[in-house]
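Asks:
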Amino acid sequence: MTTTRSVVLGYGAYLPERIVTNAELTKTVDTSDEWIVQRTGIRQRHIAADGEYTSHLGIKAAQAAIANAGIDAQSIDLIVLATSTPDNTFPATAVQIQEALGIHHGAAFDVQAVCSGFIFALATADNFLKSGAFKRALVIGAETFSRILDWNDRTTCVLFGDGAGAVVLDAQQQPGSSADRGVLTTHLRSDGRHKDKLFVDGGPSTTQTAGHLRMEGREVFKHAVGMITDVIVDAFNATGTTADDIDWLVPHQANKRIIDASAKKLHIAPEKVVLTVDEHGNTSAASIPLALAVAAADGRIKKGDLVMLEAMGGGFTWGSALLRW
Ligand code: UT7
């Protein structure tokens, strides 16, 4: 019996032109390149220009993914955008992207799970494709976190950057084993008891402002490795795979120390881990599709490779997705 899988047809990414190095940040906040590199692995981040919005980054990543897939944009009937930095409170930024792509059929909406957003969006699209409700999906992660940072708070402003990444998923019949191409399993988790450890202190219903990001970094760090490794083990158990089967771990890029500790705990070799946090910083929901695009474009991720995605972030939310490229 065959089964429907969401197969990656193409990928794309976009980073704003302006690069801000750690050295540049030391001119405005009390920090050092040494502290940021040692504690996080971050060396630089991209920052959107004035008038460059989340939708603009998302449109460019989406166009790149559509071109890479070699498909007609009109064949896309579902757009799911993961973002916590929408252009406006509403409509969904996904609709702005849909309009820019000239697509006027199907559905487009945003998913908000902060840094886990791409995994939540991918799982949402995957389930819609598997149900038969839609045939071809564009899953995007796009963020302009620079707009919600408190640039006087050195404990947060050095960590984040702007960017966007996207994949095109196509519903295809596969034999129905872990050797299939496409998304093999997804695992999503949330626990609102941790909602005040990483949040934005504003919003339409509370302050009528966008607010600024606030984080108890050490508290988030304390939970990250356990939560990440739990959902990766869930993905292994659901598919009968092990760490040895993984070709690439493409983690959410928040902190190199969290990524290294998670890989070590699971016995995933460092050579199999895709790292972009040094060049991109933490781009929240955009970090995984950006990292996928980097590793696919440079030839590391190849057709048939088994790729594990994972993320953890505000909420807390966390999740994993295992797919064969
Ligand atoms: O993507 C969503 C999920 N988010 C994350 O995964 C972030 C998780 N947390 C982290 O990555 C780390 O906790 C941070 C990178 C945010 C901080 O690293 P840490 O090793 O946990 O440092 P800390 O917060 O314990 O701070 C250590 C010291 C403090 O000084 P004292 O109290 O020891 O004197 C801070 O004030 O470092 C100080 N500090 C800084 N120093 C220079 C904090 N930020 C900076 C800075 N530059 N930018």
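Numbering (the working numbering), first residue to last: 778 to 1102. All residues carry an ideal CB built from backbone N, CA and C; glycine is no exception. A quick note: this is a predicted structure, and the numbers were derived from the prediction, not measured.
#1: Which stretch, first to last residue, makes up the beta strand (DSSP E) that contains residue 1086?
#2: When DSSP builds the beta bridges, which residues end up paired with residue 893?
#3: For residue 770, is the classification buried or exposed, using 16 other Cβ atoms within 10 angstroms of its Cβ as the cut-off for buried?
#4: On the CB-based measure, 16 or more other CB atoms within 10 Å of its CB, does residue 953 come out buried or exposed?
#5: Ignore the nearest five residues each way along the sequence and tell me which others in residue 813's own chain have a CB closer than 6 Å to its CB.
#6: Counting along the chain, where does the alpha helix (DSSP H) carrying residue 995 start and finish?
#7: Do residue 1063 and residue 942 have their C-beta atoms closer together than 8 Å?
#8: What number of angstroms, rounded off, separates the C-alpha of residue 877 from the C-alpha of residue 840?
#9: Rounding to the nearest angstrom, what Cα-Cα distance links residue 842 and residue 891 in this structure?
#10: Kindly examine the ligand UT7 and report whether one of its heavy atoms sits closer than 7 Å to the Cβ of residue 908.
#11: Relative to the ligand UT7, is the shortest distance from any of its heavy atoms to the C-beta of residue 967 smaller than 7 Å?
#12: Is DSSP giving residue 795 helix, strand or coil here?
#13: Tell me whether residue 1059 is buried or exposed, calling it buried when 16 or more other Cβ atoms sit within 10 Å of its Cβ.
#14: Return helix, strand or coil for residue 846, following the three-state DSSP convention.
#15: Decide if residue 889 is buried, meaning its Cβ has at least 16 other Cβ atoms within 10 Å, or exposed.
#16: Determine the direct distance from the alpha carbon of residue 862 to that of residue 887, and round the result to whole angstroms.
#17: Identify every residue that forms a DSSP beta bridge with residue 830.
#18: With which residues is residue 1064 paired in a DSSP beta bridge?
#19: Could you spell out the range, first to last residue, of the alpha helix (DSSP H) harbouring residue 872?
#20: My assumption, with CB atoms under 8 Å, is that residue 847 sits in contact with residue 787. Please give the rounded CB distance.
#21: State the beta-bridge partners of residue 824 as determined by DSSP.
#22: Whose C-beta lies closer than 6 Å to the C-beta of residue 898 among residues of the same chain, with five residues either side of it excluded?
#23: Start and end of the alpha helix (DSSP H) containing residue 920?
#24: Assign residue 775 to buried or exposed, taking buried as 16 or more other Cβ atoms, counted over all protein chains shown, within 10 Å of its Cβ.
#25: By how many angstroms is the C-alpha of residue 853 removed from the C-alpha of residue 722?
#26: Could you give the DSSP three-state label for residue 939: helix, strand or coil?
#27: Quick check on the DSSP output: the beta strand (DSSP E) that includes residue 1101 runs from which residue to which?
#28: Is the segment 989 to 997 touching the segment 1007 to 1015, taking contact as three or more C-beta pairs under 8 Å?
#29: Find the nearest neighbour of residue 925 within the set 811, 831, 1087 and 793, judged by alpha-carbon distance.
#30: Please state whether the Cβ-Cβ distance between residue 1022 and residue 1083 is less than 8 Å.
#31: Taking all protein chains shown into account, do 16 or more other C-beta atoms lie within 10 angstroms of the C-beta of residue 981, making it buried, or fewer, making it exposed?
#32: How big is the Cα-Cα spacing for residue 907 and residue 1032?
#33: Distance check for residue 868 and residue 828, CA to CA, integer angstroms please.
#34: Taking Cβ positions, are residue 1069 and residue 944 nearer each other than 8 Å?
#35: Between which two residues does the beta strand (DSSP E) harbouring residue 1025 extend?
Replies: Judging by the given coordinates:
#1: 1083 to 1090
#2: For residue 893, which the question treats as bridged, DSSP gives no partner whatsoever.
#3: Shown here, the chain extends from 778 to 1102; a query on residue 770 therefore has no answer.
#4: exposed
#5: 799, 819 and 935
#6: 994 to 1016
#7: yes
#8: 10 Å
#9: 22 Å
#10: no
#11: no
#12: strand
#13: buried
#14: helix
#15: buried
#16: 10 Å
#17: None, per the DSSP bridge assignment.
#18: Paired residue(s): none; residue 1064 is not in a bridge.
#19: 870 to 877
#20: 7 Å
#21: 795
#22: 857, 859, 888 and 916
#23: Taken as a continuous stretch (DSSP letters only), residue 920 belongs to no alpha helix (DSSP H), being part of the beta strand (DSSP E) at 913 to 921.
#24: The shown model of the chain, from 778 to 1102, leaves out residue 775, and the question about it has no answer.
#25: Because the chain here runs from 778 to 1102, residue 722 falls outside it and cannot be looked at.
#26: strand
#27: 1094 to 1101
#28: no
#29: 831
#30: yes
#31: exposed
#32: 33 Å
#33: 18 Å
#34: yes
#35: 1025 to 1028
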